[in-house]
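Have a look at the structure below, then the notes.
There are 2 protein chains.
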Amino acid sequence: MSDIPRPFTAIGVVHSPFKRPEDIPVEMNADPHGFDAVAGEIEIFPEFESGLKDIDGFSHLIVVFAFHSAGEPRLLVRPPFETGVRGVFATRSPHRPNPVGLTVVKLLGRTGAILRVSGLDMIEGTPVLDLKPYTVKDQKPDIKTGWIK
Amino acid sequence: MSDIPRPFTAIGVVHSPFKRPEDIPVEMNADPHGFDAVAGEIEIFPEFESGLKDIDGFSHLIVVFAFHSAGEPRLLVRPPFETGVRGVFATRSPHRPNPVGLTVVKLLGRTGAILRVSGLDMIEGTPVLDLKPYTVKDQKPDIKTGWIK
Chain A
1 MSDIPRPFTA IGVVHSPFKR PEDIPVEMNA DPHGFDAVAG EIEIFPEFES
51 GLKDIDGFSH LIVVFAFHSA GEPRLLVRPP FETGVRGVFA TRSPHRPNPV
101 GLTVVKLLGR TGAILRVSGL DMIEGTPVLD LKPYTVKDQK PDIKTGWIK
Chain B
150 MSDIPRPFTA IGVVHSPFKR PEDIPVEMNA DPHGFDAVAG EIEIFPEFES
200 GLKDIDGFSH LIVVFAFHSA GEPRLLVRPP FETGVRGVFA TRSPHRPNPV
250 GLTVVKLLGR TGAILRVSGL DMIEGTPVLD LKPYTVKDQK PDIKTGWIK
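Listed in order, the protein sequences are those of chains A and B. Going by our numbering, the first sequence opens with residue 1, and the numbers climb by one from there. Going by our numbering, the second sequence opens with residue 150, and the numbers climb by one from there.
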């Protein structure tokens, strides 16, 4: 697609206690705080390390990553514990036209290009595409969340 | 990069009152609520419309988009009104290794594949890569935001 200036490439990789998708208990997804205590690391590749300057001052980071083992996209998906299908854009399913995922993690500390974080729901080896600071603009206190209980 | 399963492609396009980057008053970026009243549309292309099923129930959506006119990436950037440089991953600058942007918008209504939204800070013609529902997991009430006042 000519509108996208260049191909996306990994800037780092997630190190997670979940080694495979099936290591994530499906119940954890149903609990909004199910992953809060899951800690791990985000390793940024050396050529991008200088872009981490000043990141230490933020308590939370938005991790944009690739669903690298998601398989083919589907526009209708059946979420865990649901009997009906939902539009993929109304879910956080990995089976998206563009296999891009997003998780807000808590930054626990940094050693060089290694960030210690909690709130991980990605598996080991997940390619990281971008890190962004979570700011006041991302806080939406009053929300409606449709089909999600 | 072999870790990314397929090239990313636009699923839709932003229709914004800002026609060019220079149409966005730089002061708006300094105000966390500067864009709250900026309304526009997200047009999802027909082949992806069925993925919008059930999206109407959500008050806020995460828009993942491409910075299509950002130019070359830089690892150190100088934010507006700042005298020093910051690491790009500690900013929301468009000059990122992967030119991917993220804005949380308010969903005002939907007509077929057209979503009316507010909170837009993108320019006209911005390619949309993904839409995700904003959920309780994305709410982080107590945050530190480093160098950002």
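Glycine included, every Cβ here is placed at the ideal spot set by N, Cα and C.
When the beta-carbon positions are compared, Val14 of chain A and Ile42 of chain A come within less than 8 Å of each other. Bridge pairing for Ser118 of chain A: A:Ala39 and A:Lys106 [DSSP]. What His209 of chain B touches in chain A, judged by beta-carbon distance under 7 Å, is Lys140 and Ile143, going in chain order. Pro46 of chain A has a beta carbon lying at 8 Å or more from every beta carbon in chain B. Look at Asp54 of chain A: its C-beta is under 8 Å from a C-beta on chain B. Interface criterion met: the Cβ of Phe89 of chain A is under 8 Å from a Cβ in chain B. Its Cα nearest to that of Phe194 of chain B, the residue B:Val277 stands out among B:Thr252, B:Val266, B:Gly258 and B:Val277. In the three-state reduction of the DSSP assignment, Ala66 of chain A falls in the strand class, which pools E and B. In the DSSP assignment, the residues bridged to Phe58 of chain A are B:Thr294. Think of a sphere of 7 Å around the beta carbon of Ser199 of chain B: the chain A residues whose beta carbon falls inside it are Leu75, Leu76 and Gly87, in chain order.
Beta bridge pairing from DSSP links Asp152 of chain B with no other residue. Chain B has a Cβ within less than 8 Å of the Cβ of Pro5 of chain A. The Cβ of Pro174 of chain B sits no closer than 8 Å to any Cβ of chain A. Shortest Cα-Cα distance from Gly161 of chain B to any of B:Gly233, B:Ala215, B:Ile173 and B:Lys289 involves B:Ala215. When secondary structure is reduced to three states using DSSP, Pro17 of chain A falls in the coil class, being assigned neither helix nor strand.
DSSP lists A:Leu76 as the bridge partner or partners of Gly87 of chain A. Against chain B, the CB of Pro79 of chain A has no partner CB under 8 Å away; the residue lies outside that interface. Ala66 of chain A belongs to the set of residues whose beta carbon lies under 8 Å from a beta carbon in chain B.
Not flagged as an interface residue toward chain B: Leu108 of chain A, since no C-beta distance is shorter than 8 Å. Considering only beta carbons, the part of the stretch 109-140 of chain A lying closer than 9 Å to chain B consists of Gly119, Asp121, Gly125, Thr126, Pro127, Leu129, Asp130, Leu131, Lys132, Pro133, Tyr134, Thr135, Val136, Lys137, Asp138, Gln139 and Lys140, in chain order. Using beta-carbon distances, Gly295 of chain B counts as an interface residue toward chain A, with a partner under 8 Å. Lys132 of chain A has A:Ile62 as its beta-bridge partners, per DSSP. With its beta carbon at least 8 Å from every one in chain B, Arg20 of chain A lies outside the interface. Asn247 of chain B and Phe58 of chain A do not touch by the CB rule: their CB atoms are close to 19 Å apart, not below 8 Å. Excluding the 5 residues flanking it on each side, Val234 of chain B has same chain C-beta neighbours closer than 8 Å at Leu225, Val226 and Arg227, in chain order.
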